[in-house]
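Read top to bottom, the protein sequences are chains A and B. When you line the first sequence up against our numbering, it's residues 661 to 772, in that order. When you line the second sequence up against our numbering, it's residues 177 to 286, in that order. Everything below concerns the one structure shown next.
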Amino acid sequence: SQTIHQWPATLVQPVGSPLSLECTVEGTSNPNLYWYRQAAGRGLQLLFYSVGIGQISSEVPQNLSASRPQDRQFILSSKKLLLSDSGFYLCAWSVTRNQPQHFGDGTRLSIL
Amino acid sequence: GQNIDQPTEMTATEGAIVQINCTYQTSGFNGLFWYQQHAGEAPTFLSYNVLDGLEEKGRFSSFLSRSKGYSYLLLKELQMKDSASYLCAVIAGSARQLTFGSGTQLTVLP
């Protein structure tokens, strides 16, 4: 069966510091991969999605970036975090873009 | 763009039935999903509707009417553990982008 791993579970970072969140999927090949952010009490906002290695689509302009160095690895990065980057970051995968997305456990990011 | 509306909060009693409605306006509809999200946790997939009608999965059922831009999630025999936020999400357009509603916070009372 397929599993998705996301780490770390929680992270506290100072403003202006870099960020790297990692997500890996097991048990499937060539998944569609997604990064979402959920602000407290709000809905999920799609940040990036990828249909293959090196293919990244950005949905919202921001100081975040994403990379897919391997088929089942998706990384969310920032060179300098802002206070507004605080939130719950979720990685998800699906077989195709029309199929249900399945989420990792999420990373709760607090910026101080 | 897409617009998804669902009630912010609902309350129901243990053992009862509750219906959570979702309306959407979109072009190029490709499907509708329901997710459950407990506080502090990631969403988990509940159901998927692409054609009109009712999909049943145990205590949970989901209905879709594409002509009306309307769906509902029906939860039967409510349990305390069903207290959670229920997210309606629509996939649409040539880019097949999934857009989530803000969620309905369901509280189940004893």
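Glycine included, each C-beta is placed from N, C-alpha and C at the ideal position.
Run down chain A in chain order and give the residues with a C-beta less than 8 Å from the C-beta of glycine 279(B). Within chain A, Gly703 have C-beta atoms less than 8 Å from the C-beta of glycine 279(B), given in sequence order.
Give a yes or no on whether the minimum CB-CB distance between asparagine 758(A) and chain B is below 8 Å. Closer than 8 Å to some Cβ of chain B, the Cβ of asparagine 758(A) qualifies, so yes.
Per the contact definition of three or more C-beta pairs closer than 8 Å, is the segment 702-718 of chain A in contact with the segment 663-674 of chain A? The segment 663-674 of chain A is not in contact with the segment 702-718 of chain A.
If contacts are defined as beta-carbon pairs under 8 Å, then serine 738(A) and proline 678(A) qualify, I think. What distance do you get, rounded to the angstrom? Yes, they are in contact, since the Cβ atoms of serine 738(A) and proline 678(A) sit about 6 Å apart, within 8 Å.
Rank Ile771(A), Trp753(A) and Gln759(A) by C-alpha distance to the C-alpha of proline 691(A) and give the top, closest one. Out of Ile771(A), Trp753(A) and Gln759(A), Trp753(A) has the C-alpha closest to the C-alpha of proline 691(A).
With a 10 Å radius around its C-beta and 16 neighbouring C-beta atoms as the bar for buried, classify glycine 234(B) as buried or exposed. Looking at its Cβ environment, which holds fewer than 16 other Cβ atoms inside 10 Å, glycine 234(B) is exposed.
Indicate whether at least one CB of chain A lies closer than 8 Å to the CB of glutamine 273(B). Between glutamine 273(B) and chain A, the shortest Cβ-Cβ separation is below 8 Å.
Close Cβ partners of serine 680(A) (< 7 Å) along its chain, the five nearest in sequence each way excluded: Ile735 and Ser737, listed in sequence order.
Compare the Cα-Cα distances from proline 729(A) to each of Leu693(A), Thr767(A) and Arg697(A) and report the closest residue. Nearest option by C-alpha distance: Leu693(A).
Taking contact to mean 3 or more Cβ pairs, one atom from each stretch, closer than 8 Å, check whether the segment 191-200 of chain B and the segment 763-772 of chain A are in contact. Touching, no.
Could you spell out the range, first to last residue, of the beta strand (DSSP E) harbouring alanine 260(B)? Note, alanine 260(B): beta strand (DSSP E), 260-268.
Tell me, which residues are paired with alanine 188(B) by DSSP? In DSSP, alanine 188(B) forms a bridge with Val284(B).
Identify the continuous beta strand (DSSP E) that holds valine 672(A) and give its terminal residues. Start and end: 670-673.
Residues of the segment 733-762 of chain A in Cβ contact with chain B at a cutoff of 7 Å, in chain order, please. Here the close residues are Leu750, Arg757, Asn758, Pro760, Gln761 and His762.
Can you tell me whether glycine 687(A) is buried or exposed, with buried defined as 16 or more other CB within 10 angstroms of its CB? It is exposed - the Cβ of glycine 687(A) has fewer than 16 other Cβ atoms within 10 Å.
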